[in-house]
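Everything on this sheet refers to the single structure shown next.
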Amino acid sequence: MKYYLGMDAGGSKTYAVITDETGRLVSAGKGGPGNHQIDRDTAARSIRQAVAQALGQAGLREQDIAAACFGLAGADREADFRILRPMIAELGLPVSDVVCDTVIALRAGTSNPYGVVAICGSGTNCIGVSPSGEMYQCGGFGYPYGDFGGGGDLAAEAFRAVIRAWEGREEETLLTALVTKELGHPSVEHMFHHFLDHALPVPLELTPLLFEAAAQGDRVAARILRVQGTELGLAAQAVIRRLGMQRETFDLVLAGSVLTRGNGQFVHPFIVDTVQPEAPGCRLQVLDVEPVVGAIWLAMEKDGTTISESVQEQVRRISDLKGVLTGG
Numbered sequence: 001m002k003y004y005l006g007m008d009a010g011g012s013k014t015y016a017v018i019t020d021e022t023g024r025l026v027s028a029g030k031g032g033p034g035n036h037q038i039d040r041d042t043a044a045r046s047i048r049q050a051v052a053q054a055l056g057q058a059g060l061r062e063q064d065i066a067a068a069c070f071g072l073a074g075a076d077r078e079a080d081f082r083i084l085r086p087m088i089a090e091l092g093l094p095v096s097d098v099v100c101d102t103v104i105a106l107r108a109g110t111s112n113p114y115g116v117v118a119i120c121g122s123g124t125n126c127i128g129v130s131p132s133g134e135m136y137q138c139g140g141f142g143y144p145y146g147d148f149g150g151g152g153d154l155a156a157e158a159f160r161a162v163i164r165a166w167e168g169r170e171e172e173t174l175l176t177a178l179v180t181k182e183l184g185h186p187s188v189e190h191m192f193h194h195f196l197d198h199a200l201p202v203p204l205e206l207t208p209l210l211f212e213a214a215a216q217g218d219r220v221a222a223r224i225l226r227v228q229g230t231e232l233g234l235a236a237q238a239v240i241r242r243l244g245m246q247r248e249t250f251d252l253v254l255a256g257s258v259l260t261r262g263n264g265q266f267v268h269p270f271i272v273d274t275v276q277p278e279a280p281g282c283r284l285q286v287l288d289v290e291p292v293v294g295a296i297w298l299a300m301e302k303d304g305t306t307i308s309e310s311v312q313e314q315v316r317r318i319s320d321l322k323g324v325l326t327g328g
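Each residue of the sequence shown is one higher than the one before, starting from 1 at the first, in full-length UniProt numbering.
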């Protein structure tokens, strides 16, 4: 029996899974933040922890793994790969491939070997693969480098909207009550001075409040989410143009917690409205499995394994790693 290891390492958590050649989930492991651009030592430790936990749970050794694929946040440029490849080699797995985490999300979200994926989690990124195999990435480097959105930017926008409403520069918003309650402050003024006095960062936990407020008809929250959708659409549009896919029929996969767990009606339509005039043949697909599914398939392909329909069906059952790892 052959075994395959796949990893999805993001800005907040790291998952490793092992399946056998039939696609059956054998074990899973979890680590902390896995983006080396944030902290290299923390990322290395998180990756080791997740792999060790998965191997230990399965009762396997490193040499028992036929092939592995590591989908890593921050694997964007050759400079990143010069750091990450040695880091992964130290794990002692026989055959390993390192790709950007956006690539595994695309592979997990479409049955085709080509397409476009837009990710919006703690950050944003967009990657496309053309029918000829050419790849292009737009974004993934943060707000100063052209991106907008992801949990960090959206949380900051929510916080900023509350401050602006309190000062009179913005219309009143339901976010005021939601944000002050979430952060435990009796008033916006108290929150304002507390954050300034202690130089506190805006917590990511504010992002879901945008969807909560928008669902209650708040125009400020809805406008912020509309901008997010449009910006993701512009990134996808740029990828499609660069790869010459305007006349192709392909899947546009939406991945990341903001796009898969939030209320899609406040973001998804604006992605579509931006992209479809450029590429009428694109089909929206919201990722409904764990992105690490794509890493498993890429590991199998690396080993030369033919992925049958039955194997695909088995691997696609990996849809709630949080539940698997907590027993819930």
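Glycine included, each C-beta is placed from N, C-alpha and C at the ideal position.
query	result
Between the CA atoms of Ala158 and Ile318 - distance to the nearest angstrom	33 Å
Secondary structure of Gly56, DSSP reduced to three states	helix
Status (buried if at least 16 other CB within 10 Å, exposed otherwise) for Gly327	Any answer about Gly327 is weak, because its pLDDT of 47 lies below 50 and its placement is not dependable; what the coordinates show is given next. So Gly327 ends up on the exposed side.
Assigned secondary structure, Arg283 (DSSP; H/G/I helix, E/B strand, else coil)	strand
Where Tyr3 falls, given that 16 or more other Cβ within 10 Å makes a residue buried	buried
Start-end ranges of the beta strand (DSSP E) lying completely within the region 99 to 156, minimum 3 residues	115 to 120, 124 to 129, 135 to 138
Three-state secondary structure (DSSP) of Lys13	coil
Whole-angstrom distance between Met1 and Gln314, CA atom to CA atom	16 Å
Residues near Ile18 by beta carbon distance below 6 Å, same chain, minus five either side	Tyr3, Leu5, Val26, Ser27, Ala54, Ala58
Rounded C-alpha distance that separates Gly11 from Ile38	8 Å
Exposure label - Gln312; buried when at least 16 CB within 10 Å	exposed
Asp41 burial status per 10 Å Cβ neighbour count (16 or more: buried)	exposed
Inter-stretch contact at 8 Å, needing at least 3 Cβ pairs: the region 238 to 256 / the region 104 to 117	yes
Segment limits, beta strand (DSSP E) that includes Ile65	65 to 72
Cut-off 6 Å between Cβ atoms - residues of its own chain near Met300, not counting five sequence neighbours on either side	Tyr4, Ile307
Whole-number beta carbon distance between Cys69 and Ile119, since they are thought to touch under 8 Å	Ile119 to Cys69, Cβ: 17 Å. No contact.
Three-state secondary structure assigned by DSSP to Ala255	strand
Stretch-stretch touch, CB-based, cutoff 8 Å, three pairs: the region 173 to 186 with the region 133 to 141	no
Stretch pair the region 231 to 243 + the region 259 to 276: three plus CB contacts closer than 8 Å	yes
Of the listed residues Gly74, Ala67, Leu200, His190, nearest to Val99 (C-alpha basis)	Gly74
Limits of the unbroken alpha helix (DSSP H) element including Val179	175 to 183
Coarse secondary structure for Gly328, derived from DSSP in three states	Legend: pLDDT at Gly328 = 40, less than 50; position of this residue unreliable, no value from coordinates given.
First through last residue of the beta strand (DSSP E) which encompasses Leu25	25 to 31
Proximity of Leu204 and Phe266 at Cβ, strictly below 8 Å	no
Reduced DSSP secondary structure (H/G/I, E/B, other) of Gly264	helix
Secondary structure of Ile307, DSSP reduced to three states	coil
Integer-rounded CB distance, given that Leu106 should sit under 8 Å from Gly264	The Cβ separation is near 19 Å, so there is no contact.
One or two residues paired with Asp97 in a DSSP bridge	Cys69
Cβ neighbours of Phe270 in the same chain (closer than 7 Å, five flanking residues each side left out)	Arg226, Gly229, Thr230, Gly233
Exposure label - Pro286; buried when at least 16 CB within 10 Å	Here residue 286 is Val; the residue named in the question, Pro, does not match the sequence. Counting Cβ neighbours within 10 Å, Val286 comes out exposed, since fewer than 16 surround it.
Alpha-carbon to alpha-carbon, Glu78 and Val95	20 Å
CB-CB length for Thr305 against Glu21, believed under 8 Å	7 Å
Residue(s) in a DSSP beta bridge with Asp8	Tyr15, Gly71
Distance, Asp76 Cα to Ala238 Cα	17 Å
Any 3 or more C-beta pairs closer than 8 Å across the region 150 to 169 and the region 192 to 202	yes
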